[in-house]
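Protein chains in written order, with the numbering used here: chain A, 164 to 449; chain B, 38 to 199.
Glycine included, each C-beta is placed from N, C-alpha and C at the ideal position.
Since we're looking at a predicted model, the values are computed, not measured.
So the structure is just underneath, and the comments pick up after that.
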Amino acid sequence: MTPADRSAPLHPRPVRVLETRAEMPGCTTLRVAPADPADAADPAGACGFAPGQFYMVYVFGLGEVPISVSGDAARPGELTFTVMAVGAVTRALCAVRPGQTLGLRGPFGTAWPVEALTGRDVIVMAGGLGLAPLRPAIYHLLRHRDRYGAVALLYGTRQPRSIVFAPDLTGWREAAAIDVAVTVDSGDRDWSGHVGVVTELLKGRRLDPARTAALLCGPEIMMRFSAYALRDRGVAAGAIHVSMERNMKCGVRMCGRCQYGPFFVCDDGPVFSFDRVEHLFGIREV
Amino acid sequence: MVSIKPIRTLLAENPFFAGLSDDQFETMSGCGTIVHFKAGAFLLREGGAADTFYLIRNGVVAIESSSPAGGPLSVARVGAGGIAGYSWLFPPYRNAFDALAISHVSAVALDGACLRGKAEADHELGYQLMKRFAQVMLDRLQATRRQMLDVYGNVRTTDDTG
Chain A
164 MTPADRSAPL HPRPVRVLET RAEMPGCTTL RVAPADPADA ADPAGACGFA PGQFYMVYVF
224 GLGEVPISVS GDAARPGELT FTVMAVGAVT RALCAVRPGQ TLGLRGPFGT AWPVEALTGR
284 DVIVMAGGLG LAPLRPAIYH LLRHRDRYGA VALLYGTRQP RSIVFAPDLT GWREAAAIDV
344 AVTVDSGDRD WSGHVGVVTE LLKGRRLDPA RTAALLCGPE IMMRFSAYAL RDRGVAAGAI
404 HVSMERNMKC GVRMCGRCQY GPFFVCDDGP VFSFDRVEHL FGIREV
Chain B
38 MVSIKPIRTL LAENPFFAGL SDDQFETMSG CGTIVHFKAG AFLLREGGAA DTFYLIRNGV
98 VAIESSSPAG GPLSVARVGA GGIAGYSWLF PPYRNAFDAL AISHVSAVAL DGACLRGKAE
158 ADHELGYQLM KRFAQVMLDR LQATRRQMLD VYGNVRTTDD TG
């Protein structure tokens, strides 16, 4: 949670749950702040992170899971996580209430290279809950909008009711600072938006491949198809960045649980440029 | 004053038909009419005779199917420049899905039987059409297969049992 934690990276610090919000069935956003007043008062302990990084979130008595921060890095003193219930710990996280205490270790891992993208057009492609780790990067792009060229968010999900951060999507679209396009795999007649896979949103879109960089997060197969579609449009593999997900234990490249070919996702990732991992995408066993 | 473009011009403006010759546009335009649909109107009905396909000029068309339990479900949307309807190309010439206008739609309706006849008489035209429709159908098939993968539904399960 703080740089000082690096001296004791396996030591969780307590945080208090401030607020919970159901995004959809089985998916909850938690806002937390340091439970220890000393942590809260310490400027270095103000829950700093870079967009794309993750924390190990500890439910006492159950276990830890790696969760990317989904909130704004410019809001000091608190952290936001969005969790899908897919196992024992994440189910418990989705059931926590304000006032409960959790443990945190981190932040860990690599970040979206938002500073390095200054001056470029940026395409953010998200699938399902993959929008959560990208949201801090989107906040950064919006806050420093004048530093970037055209910015587009292309978001695909299963159904209209599985859209996460719907108020944000509406706000970003209405503010018109970035181009927001949403597609679902299937929709009923109340859905007036696009239907189809997320790569469909690239079709017909003006894109200068030499200027364009992309940030991708979602299911691995979605990132693979999206990266290939971008590459087919001339975007260099080195300008495409993906966030990988693997089960983890230590978060500090000691246990090897998250090994991904020659990499440890906890430390070499989760954000990789596609040219570094493209060869691994084709290996089913990795 | 609103200028009304001839069918031939509308066909030539669509990237789908890029590369066809003037003669081929002239031949095809004889099979076309300009049509308009209010929101909520069907362009095509599932199981109905596939005697027409539509080149969408404006508006959005939902490609749908219905189930008794789930009601109508949209599996694709076709917007300006897109094509609605492929079944006119192949026997038994029956529409496989509904095509519903979800906004006001302007389109060029092309008579499938008319076009099939002209393609039979002019195999070069037939080849050019089949080449273009095959590409669009391949794109649609691949997109459909990716939708079927349900990638967002198959969330990685964690071993987060402590």
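Below-7 Å beta-carbon distance, residue i vs any chain A residue
i	result
Pro-109 of chain B	yes
Tyr-189 of chain B	yes
Ala-156 of chain B	no
Arg-177 of chain B	no
Arg-114 of chain B	yes
Ala-180 of chain B	yes
Arg-82 of chain B	no
Gly-199 of chain B	Here Gly-199 of chain B scores only 40 on pLDDT, less than 50, and its place in the model should not be relied on; the value that follows carries that caveat. Interface residue, yes.
Between the CA atoms of residue j and residue i - distance to the nearest angstrom
i	j	result
Gly-432 of chain A	Ser-406 of chain A	7 Å
Ile-384 of chain A	Gln-216 of chain A	21 Å
Thr-346 of chain A	Ala-201 of chain A	45 Å
Pro-172 of chain A	Met-219 of chain A	10 Å
Tyr-22 of chain B	Ala-156 of chain B	Shown here, chain B extends from 38 to 199; a query on residue 22 of chain B therefore has no answer.
Phe-74 of chain B	Asp-88 of chain B	17 Å
Gly-234 of chain A	Pro-214 of chain A	9 Å
Thr-264 of chain A	Cys-257 of chain A	13 Å
Pro-276 of chain A	Phe-223 of chain A	33 Å
Gly-359 of chain A	Arg-114 of chain B	7 Å
Lys-412 of chain A	Thr-375 of chain A	35 Å
Phe-134 of chain B	Lys-366 of chain A	23 Å
Val-287 of chain A	Pro-299 of chain A	12 Å
Arg-324 of chain A	Ala-158 of chain B	50 Å
Leu-110 of chain B	Leu-316 of chain A	25 Å
Tyr-423 of chain A	Gly-397 of chain A	27 Å
Cys-429 of chain A	Arg-283 of chain A	28 Å
Ala-117 of chain B	Ile-93 of chain B	5 Å
Ser-58 of chain B	Glu-50 of chain B	13 Å
Leu-193 of chain A	His-357 of chain A	30 Å
Phe-271 of chain A	Val-249 of chain A	22 Å
Closer than 7 Å to chain B by CB, residue i
i	result
His-174 of chain A	no
Ala-167 of chain A	The predicted position of Ala-167 of chain A is uncertain, since its pLDDT is 41 and thus under 50; a value taken from the coordinates is nonetheless stated next. It does not: the Cβ of Ala-167 of chain A has no partner Cβ on chain B nearer than 7 Å.
Ser-389 of chain A	no
Gly-290 of chain A	yes
Ser-349 of chain A	yes
Val-178 of chain A	no
Cross-strand partners of residue i (DSSP beta bridge)
i	result
Cys-151 of chain B	DSSP, once it has assigned bridges, lists no residue as partnering Cys-151 of chain B.
Gln-422 of chain A	A:Phe-427
Pro-109 of chain B	B:Ser-103
Cys-190 of chain A	A:Met-187 and A:Met-247
Ala-121 of chain B	B:Tyr-91
His-442 of chain A	His-442 of chain A pairs with nothing; no bridge assigned.
Val-195 of chain A	A:Val-180 and A:Leu-242
Tyr-218 of chain A	A:Ile-230
Ile-403 of chain A	A:Ala-377
Ala-86 of chain B	B:Arg-131
Candidates the options: closest to residue i by CA position
i	options	result
Ala-198 of chain A	A:Cys-257, A:Pro-261 and A:Met-247	A:Pro-261
Gly-149 of chain B	B:Thr-46, B:Leu-110 and B:Thr-70	B:Thr-70
Gln-172 of chain B	B:Ile-100, B:Leu-47 and B:Ile-120	B:Ile-120
Ala-279 of chain A	A:Leu-292, A:Tyr-423, A:Gly-356 and A:Gly-401	A:Gly-401
Ser-102 of chain B	B:Ala-86, B:Gly-96 and B:Leu-81	B:Leu-81
Leu-267 of chain A	A:Ile-230, A:Cys-380 and A:Met-247	A:Ile-230
Val-195 of chain A	A:Asn-410, A:Ala-339 and A:Glu-241	A:Glu-241
Thr-243 of chain A	A:Met-288, A:Val-178, A:Gly-290 and A:Ala-289	A:Val-178
Phe-90 of chain B	B:Ala-76, B:Ala-180 and B:Phe-170	B:Phe-170
Leu-297 of chain A	A:Val-327, A:Ala-313 and A:Arg-310	A:Val-327
Ser-436 of chain A	A:Leu-364, A:Val-343, A:Ala-399 and A:Pro-425	A:Ala-399
Ala-184 of chain B	A:Ala-255, A:Asp-351, A:Thr-320 and A:Glu-182	The sequence as given places Gln at residue 184 of chain B; Ala does not occur at that position. Checking every option, the nearest Cα to that of Gln-184 of chain B belongs to A:Thr-320.
Arg-45 of chain B	B:Phe-53, B:Asn-51 and B:Glu-63	B:Glu-63
Gly-56 of chain B	B:Ala-180, B:Leu-162 and B:Leu-175	B:Leu-162
Ala-99 of chain B	B:Asn-51, B:Ile-139 and B:Arg-177	B:Ile-139
Thr-281 of chain A	A:Met-417, A:Ala-274, A:Leu-304 and A:Leu-364	A:Leu-304
Gly-211 of chain A	A:Arg-238, A:Gly-189, A:Thr-192 and A:Leu-225	A:Arg-238
Gly-290 of chain A	A:Ala-338, A:Glu-186 and A:Cys-380	A:Cys-380
Val-343 of chain A	A:Arg-254, A:Gly-350, A:Ser-349 and A:Arg-368	A:Arg-368
Tyr-123 of chain B	B:Ala-106, B:Val-72 and B:Leu-147	B:Leu-147
Within chain B, partners of residue i - CB distance below 7 Å
i	result
Arg-352 of chain A	Pro-109
Gly-312 of chain A	Within 7 Å Cβ-Cβ: nothing; Gly-312 of chain A doesn't reach chain B, min ~25 Å.
Glu-363 of chain A	Ala-180
Listed by chain order, chain A residues near residue i by CB distance under 8 Å
i	result
Leu-186 of chain B	Ile-384
Ile-139 of chain B	Arg-352 and Ser-355
Neighbour flag for residue i against chain D, beta carbons, 7 Å
i	result
Ser-436 of chain A	In the displayed structure, chain D is absent; the protein chains listed are A and B.
Partners in chain B for residue i, counting only beta-carbon separations shorter than 8 Å
i	result
Thr-320 of chain A	Tyr-189
Ser-325 of chain A	Tyr-189
Where residue i meets chain A, residues with beta-carbon distance less than 7 Å
i	result
Arg-183 of chain B	Val-360 and Phe-388
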